[in-house]
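Reviewing the structure listed below.
There are 4 protein chains.
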Amino acid sequence: MAGSEQAAPRLTMNDIRAAAERLKNWGRWGAGDEIGTLNYTQPEDIIAAARLVRKGKVISLALAYDSRGPQGGKSKYPPVGRFNPVHVMLRTGTDAYSGVLDHRKIRSADDLVVMPMQCGTQWDGLGHIFYGDQMWNGYDCRTVTSSGAQKCGIEKTKEKLVGRGVLLDFPRMLGLEFLPDGFAITNDLLDRAERHFGAEVRRSDFLLVRTGQMEAMLAAETWDGYSGGDAPGLAFETLDWLHEKQVAAIATDTWGAEVRPNQTDEANQPWHWISIPIIGLTVGEIFYLAELARDCAEDKRYEFMFVAPSLPVTGAVGSPVNPLAIK
Amino acid sequence: MAGSEQAAPRLTMNDIRAAAERLKNWGRWGAGDEIGTLNYTQPEDIIAAARLVRKGKVISLALAYDSRGPQGGKSKYPPVGRFNPVHVMLRTGTDAYSGVLDHRKIRSADDLVVMPMQCGTQWDGLGHIFYGDQMWNGYDCRTVTSSGAQKCGIEKTKEKLVGRGVLLDFPRMLGLEFLPDGFAITNDLLDRAERHFGAEVRRSDFLLVRTGQMEAMLAAETWDGYSGGDAPGLAFETLDWLHEKQVAAIATDTWGAEVRPNQTDEANQPWHWISIPIIGLTVGEIFYLAELARDCAEDKRYEFMFVAPSLPVTGAVGSPVNPLAIK
Amino acid sequence: MAGSEQAAPRLTMNDIRAAAERLKNWGRWGAGDEIGTLNYTQPEDIIAAARLVRKGKVISLALAYDSRGPQGGKSKYPPVGRFNPVHVMLRTGTDAYSGVLDHRKIRSADDLVVMPMQCGTQWDGLGHIFYGDQMWNGYDCRTVTSSGAQKCGIEKTKEKLVGRGVLLDFPRMLGLEFLPDGFAITNDLLDRAERHFGAEVRRSDFLLVRTGQMEAMLAAETWDGYSGGDAPGLAFETLDWLHEKQVAAIATDTWGAEVRPNQTDEANQPWHWISIPIIGLTVGEIFYLAELARDCAEDKRYEFMFVAPSLPVTGAVGSPVNPLAIK
Amino acid sequence: MAGSEQAAPRLTMNDIRAAAERLKNWGRWGAGDEIGTLNYTQPEDIIAAARLVRKGKVISLALAYDSRGPQGGKSKYPPVGRFNPVHVMLRTGTDAYSGVLDHRKIRSADDLVVMPMQCGTQWDGLGHIFYGDQMWNGYDCRTVTSSGAQKCGIEKTKEKLVGRGVLLDFPRMLGLEFLPDGFAITNDLLDRAERHFGAEVRRSDFLLVRTGQMEAMLAAETWDGYSGGDAPGLAFETLDWLHEKQVAAIATDTWGAEVRPNQTDEANQPWHWISIPIIGLTVGEIFYLAELARDCAEDKRYEFMFVAPSLPVTGAVGSPVNPLAIK
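Protein chains in written order, with this note's numbering: chain H, 2 to 328; chain L, 2 to 328; chain D, 2 to 328; chain B, 2 to 328.
Have a look at this one:
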């Protein structure tokens with residue numbers, strides 16, 4: 002076990018408010034900005050990221066979208082209202098075989114999906130979390146109505162989720178199979194991981210944080226307790242670290258990025274209160290990092306080209322995604 | 002106008018059957034293969050594709066997914082049963098503003114989408130079209146049931162849709178705003194476009210074919226006649242060209258890739274009968290190529306890194322996609 | 002043409018406010034009431050309604066729920082965001098025929114529907130319309146959140162939509178095929194229809210108002226202009242008439258019950274502002290009344306047992322319904 | 002405990018085949034019939050049923066449709082692919098409160114449901130089960146395609162689900178809280194219940210069978226094991242009884258009507274193999290009978306008017322329903 006590293010101080014609402022003041026990026030990219038820290042990425046970053054492709058290997062970081070996905074497990078917390086994708090066929094090969102399509106003079110299958118945008122491997126967009134009555138860049142939260150997000154819709158990111166990816170593999174560094182629930186990844190641990198893996202996190206990076214919790218679930222063949230539940234994850238203080246580092250986005254293999262139980266009872270997911278609406282940070286969740294972690298351990302290279310295009314559903318506050326690490 | 006180029010010979014079922022014999026790739030990548038021509042891509046192709054990133058520009062080839070999408074227009078053909086995405090909110094900023102979320106101690110929005118996999122910018126997977134009672138690689142079409150595609154599900158492609166992209170911009174070459182309905186892109190035209198744009202199509206490429214039809218629709222502010230309707234597109238003979246070239250995949254800005262009215266009344270979408278189940282070709286449709294075309298005309302470079310990851314919905318026969326051209 | 006009857010006076014916001022004061026039923030059935038005028042129905046009314054069953058004939062007042070339904074037509078008004086039901090199969094007879102179900106040892110079909118509650122023949126529940134920041138009985142409109150209606154959900158009506166039905170068939174009375182768009186059904190016309198058809202409207206009745214607009218649409222084979230569009234319908238003054246009569250509910254064959262263009266530009270659907278939140282009136286729309294009208298004309302009996310159970314979807318603000326007239 | 006009554010003989014495929022021969026109603030109502038035993042109901046039966054309304058009380062037999070419904074529980078059997086209704090809002094009172102609807106000049110809420118037709122209180126239509134390659138009346142099972150049931154769609158029943166209802170309350174007769182899983186309701190027990198409750202089952206009746214299993218689940222606050230699981234229910238031999246009695250339809254408070262574990266391992270739900278496709282019997286499931294049972298015990302009248310209109314979704318093989326007992 003990792004000992005004292007998992008201890009993280011308790012927070013009060015004052016701490017959250019102070020962080021909001023300290024870390025606020027509103028206006029940094031203009032009054033009309035809707036993509037926040039994705040602005041950090043410059044053309045040269047994309048060129049440099051592409052240069053990281055050296056062995057021609059593509060690794061998907063997406064969990065399969067299906068009825069065996071991470072939603073629907075039992076939880077001691079209130080339900081968040083998400084469910085696994087419902088994939089249904091509109092036309093099938095059995096229709097074809099039965100001859101019932103032949104009047105169309107083509108035998109084809111079609112299909113349909115019903116899915117919460119946040120049900121599996123996903124991006125949280127900047128319309129996903131509010132701070133008081135405001136959202137990213139100071140927009141009124143009432144711009145996210147039943148008709149969708151009139152500001153900061155995920156479609157605004159459609160050309161932005163490309164750059165250098167860096168994996169920090171905490172269980173590997175700590176000699177654990179996986180970090181336990183409640184384990185807080187602190188700034189010290191982040192610094193140590195950069196050194197350990199020889200992978201400095203820089204402006205515009207897409208930082209991937211592996212806790213191993215997902216593999217623990219997959220091994221146990223249950224998602225009970227995963228979605229909405231306790232988890233290892235980022236300590237509240239990492240907001241400062243990420244802000245200073247100027248990462249473009251961050252993603253983890255847990256359902257909610259930050260450590261749970263949370264560091265306070267006064268707020269639910271306090272790290273989210275700041276990261277998304279105040280810093281303007283796009284956050285990836287439920288990323289499948291096992292495969293990538295194996296590959297990085299093998300070739301000792303923890304940096305790669307990262308391409309994870311959101312699906313431009315107009316006004317969406319999140320997006321399912323098949324993120325690719327290209328090495 | 003392009004004159005005789007748009008004339009394409011009429012086909013009979015015998016021509017289709019002969020093409021099936023001539024172009025059949027079944028078994029080429031083993032009896033268990035489920036991805037067809039995506040196998041052409043080798044690690045060195047991915048490395049070479051990444052080297053094409055020179056100015057650090059990302060261009061999305063996806064149409065927005067929303068109620069103004071290409072489905073639902075009037076058509077003289079029978080309906081194909083697709084509709085525009087239905088995006089609905091599960092929690093909103095107006096809920097937040099109204100204070101009804103505060104018992105959760107976090108103010109957040111969530112959302113959900115109901116969408117046919119083929120309703121917008123999309124990949125047709127190898128389970129999408131059958132030839133007789135068989136599908137790609139000779140699989141029984143009954144492996145695509147109401148429970149989805151047990152073979153050739155789109156999830157099998159999740160790490161494969163990366164490589165060198167090449168754009169052939171036919172209206173630009175021909176001095177047209179857009180190709181008219183019924184205009185057949187022939188092998189001669191493909192050859193000519195390669196020379197014209199200095200962009201030779203090679204093994205493993207992702208070939209993007211622009212007809213301009215989509216911009217004509219967008220300019221006219223109507224999708225009437227688009228989905229399921231007449232269109233410029235690939236002549237049947239291009240199957241041989243694509244087969245010889247060994248492209249990994251092909252995509253167009255039309256709803257159905259091939260020329261319509263079709264070159265025969267005996268089959269509907271005869272090019273599809275062969276491309277997908279016989280050659281094993283993954284086909285992209287409803288790609289938004291206007292932006293990319295402008296950029297290529299400007300920098301005179303019609304090749305680029307292409308990354309278009311499918312959403313790995315288990316057993317799906319297609320996938321919405323946000324394809325990226327990275328230059 | 003019906004001449005002066007269709008003239009209806011213009012309204013101002015003051016008229017609407019005055020009606021709200023004059024007709025307010027809040028508190029009439031207690032501070033906790035959630036069903037409004039459905040309270041008018043007493044056991045003896047149900048017994049009496051059952052006695053109207055004399056020939057043992059059941060007539061459905063529901064339009065079929067399918068892709069040919071009344072949504073999706075062209076409209077000069079802003080879209081209301083409804084669409085026709087999407088019915089998809091989860092298992093099919095073609096699966097059965099193909100043998101792919103036999104491992105289950107039963108050959109069965111299942112299915113699924115995606116449908117707006119208001120897309121076809123429907124009840125508007127008391128959570129459907131707000132007056133200022135309040136809804137029926139003075140409840141705060143914020144009780145209808147993204148999680149549904151915490152007050153006045155349609156499930157509260159599940160045992161209430163039974164009683165005496167009365168049909169007033171205006172086109173028949175006026176010798177018209179159908180009432181034209183903009184035709185206002187006034188109190189005078191309601192009185193005249195009662196006398197004409199020998200069917201006095203009484204406390205607790207379910208009043209069905211036929212305009213014939215739906216049959217005009219069906220005959221024209223288009224729904225263009227129907228949903229959200231202009232229509233014949235109830236004049237604003239009928240609110241007083243319905244209030245005095247103490248009807249349990251009212252339903253029409255139009256999409257929105259009241260006359261359109263509306264009698265004012267200051268409010269959209271001013272009759273709805275009062276009927277649902279102020280009077281507490283449950284309103285049926287898109288009722289198919291053609292068949293019933295024919296039968297009533299034939300047997301000269303315009304009263305019948307009416308049974309139209311809502312689907313108790315918890316927190317819904319409306320419900321699809323198959324209303325039955327039993328004669 | 003009810004002792005020997007729950008013993009039911011084991012079946013072979015030969016028994017099932019013999020029952021199919023013995024009980025086949027195909028052609029009985031003409032070659033074009035699509036509603037089977039619902040034909041038994043004649044006008045006089047509806048008149049007589051209405052005469053049973055004596056105290057003016059309406060009792061709903063529907064479970065609420067929501068996320069706490071009977072689907073999604075743990076099961077030792079393979080999943081049947083159904084899920085609880087997903088009810089989402091298209092416009093809300095919180096939108097209204099936030100002022101974002103005011104440009105519409107009306108403050109309203111709308112909503113939408115995604116639901117399997119068989120997820121809650123439901124009718125199984127005649128397209129739901131196949132016998133070999135055939136369905137009710139000998140129709141080819143291939144008439145139920147991915148486009149829905151071209152024969153025997155539930156919409157054909159829209160005016161037929163009205164008549165005399167009879168409740169047989171087995172746990173009450175046997176002095177039990179509820180019948181245990183595996184308890185088989187035999188013909189002897191049916192006969193005995195008729196006598197016990199003074200309620201003879203007759204041609205055209207809608208027979209409601211209470212096992213109490215649902216209340217056991219509700220009391221235990223879990224649906225684990227309910228949907229698709231073991232249950233008390235009808236013995237295979239009741240097919241003969243129901244056939245002789247000429248009931249119009251039957252419904253139970255269990256998910257699947259018949260006793261489980263089934264009386265054979267050779268077929269899954271053998272009673273369904275015969276009841277729906279061979280006899281042409283419409284079957285209700287997941288009916289909430291607790292309230293009705295209490296009322297019948299109180300007034301000692303086990304017969305009532307029964308009105309349970311299906312939702313006429315074109316081509317559906319089942320329907321959610323709010324069945325009403327009117328006494």
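Each residue gets a CB set at the ideal place from its N, CA and C atoms; glycine is no exception.
Regarding residue i and the ligand PLP, is the C-beta to nearest heavy atom distance less than 6 Å?
{"i": "L12(H)", "result": "Absence of the ligand PLP from the depicted structure is noted, as is the absence of any ligand whatsoever, leaving it without description."}
Would the beta-carbon of residue i fall within 7 Å of that of residue j?
{"i": "V163(L)", "j": "E160(H)", "result": "no"}
{"i": "I275(D)", "j": "L243(D)", "result": "no"}
{"i": "T283(H)", "j": "L102(H)", "result": "no"}
{"i": "E304(L)", "j": "A200(L)", "result": "yes"}
{"i": "G31(L)", "j": "V318(L)", "result": "no"}
{"i": "V145(B)", "j": "T93(D)", "result": "yes"}
{"i": "Q270(H)", "j": "L12(H)", "result": "no"}
{"i": "A287(D)", "j": "T122(D)", "result": "In the sequence on display, residue 287(D) carries Ile and not Ala. In this structure, T122(D) lies closer than 7 Å to I287(D) by Cβ."}
{"i": "I279(H)", "j": "M306(H)", "result": "no"}
{"i": "S61(H)", "j": "N323(H)", "result": "yes"}
{"i": "D192(L)", "j": "V167(L)", "result": "no"}
{"i": "V89(H)", "j": "V89(D)", "result": "yes"}
{"i": "Q72(H)", "j": "C142(H)", "result": "no"}
Does the CB of residue i have a neighbour CB from chain B at under 7 Å?
{"i": "D329(D)", "result": "In the structure as shown, chain D begins at 2 and stops at 328. Residue 329(D) is therefore absent and cannot be evaluated."}
{"i": "V260(H)", "result": "no"}
{"i": "D112(L)", "result": "no"}
{"i": "R143(D)", "result": "yes"}
{"i": "V318(H)", "result": "no"}
{"i": "D246(D)", "result": "Looking at the sequence shown, residue 246(D) is not Asp but Lys. It does not: the Cβ of K246(D) has no partner Cβ on chain B nearer than 7 Å."}
{"i": "G37(D)", "result": "no"}
{"i": "A115(H)", "result": "In the sequence as displayed, the identity of residue 115(H) is Val instead of Ala. True, the Cβ-Cβ gap to chain B drops below 7 Å."}
{"i": "S276(D)", "result": "no"}
With a cut-off of 7 Å, does the C-beta of residue i fall near any C-beta of chain H?
{"i": "N323(L)", "result": "yes"}
{"i": "T146(B)", "result": "yes"}
{"i": "T253(L)", "result": "no"}
{"i": "S205(L)", "result": "no"}
From the beta carbon of residue i, is the nearest beta carbon of chain L less than 7 Å away?
{"i": "H88(H)", "result": "yes"}
{"i": "H129(H)", "result": "yes"}
Compare the C-beta of residue i with all C-beta atoms of chain D and state if any pair is closer than 7 Å.
{"i": "L240(L)", "result": "no"}
{"i": "G159(B)", "result": "Correcting the residue identity first, residue 159(B) is Lys in this sequence and not Gly. Closer than 7 Å: yes."}
{"i": "P264(B)", "result": "The displayed chain sequence assigns Gln, not Pro, to residue 264(B). It does not; no Cβ of chain D falls within 7 Å."}
{"i": "R92(L)", "result": "yes"}
{"i": "T315(H)", "result": "no"}
Practice task
Determine contact between the region 287 to 294 of chain D and the region 131 to 138 of chain D, defined as no fewer than three beta-carbon pairs at a distance below 8 Å.
Solution key: no
Exercise for the section: Would you check if there are 3 or more beta carbon pairs closer than 8 Å linking the region 169 to 181 of chain D to the region 205 to 214 of chain D? Expected result: Flag = yes, the region 169 to 181 of chain D and the region 205 to 214 of chain D touch.
Practice task
Using a Cβ-Cβ cut-off of less than 7 Å, list which residues of the region 288 to 313 of chain D approach chain B; keep chain order.
Solution key: M306, V308, P310, S311, L312 and P313
Exercise for the section: For the region 94 to 110 of chain H, enumerate the residues whose C-beta is nearer than 7 Å to any C-beta of chain L, in chain order. Expected result: Residues G94, T95, A97, Y98, R105, K106, I107, R108, S109 and A110.
Exercise for the section: Could you pull out every unbroken beta strand (DSSP E) segment of at least 3 residues lying fully inside the region 85 to 131 of chain B, listed in chain order? Expected result: 87 to 92, 111 to 117 and 123 to 125
Practice task
Return the residues of the region 216 to 228 of chain D that lie within a Cβ-Cβ distance of less than 7 Å from chain B, sorted by chain order.
Solution key: none
Practice task
Within the region 136 to 184 of chain D, note down every full beta strand (DSSP E) run reaching 3 residues or more, in order along the chain.
Solution key: Annotation: the region 136 to 184 of chain D contains the following complete segments of the beta strand (DSSP E) (minimum length 3 residues), in chain order: 163 to 170.
Practice task
Run through the region 35 to 92 of chain B for me and flag every whole alpha helix (DSSP H) of 4 or more residues, listed as ranges in chain order.
Solution key: 44 to 51
Problem - beta strand (DSSP E) segments (min. 3 residues) lying fully within the region 186 to 233 of chain D - result: 207 to 211
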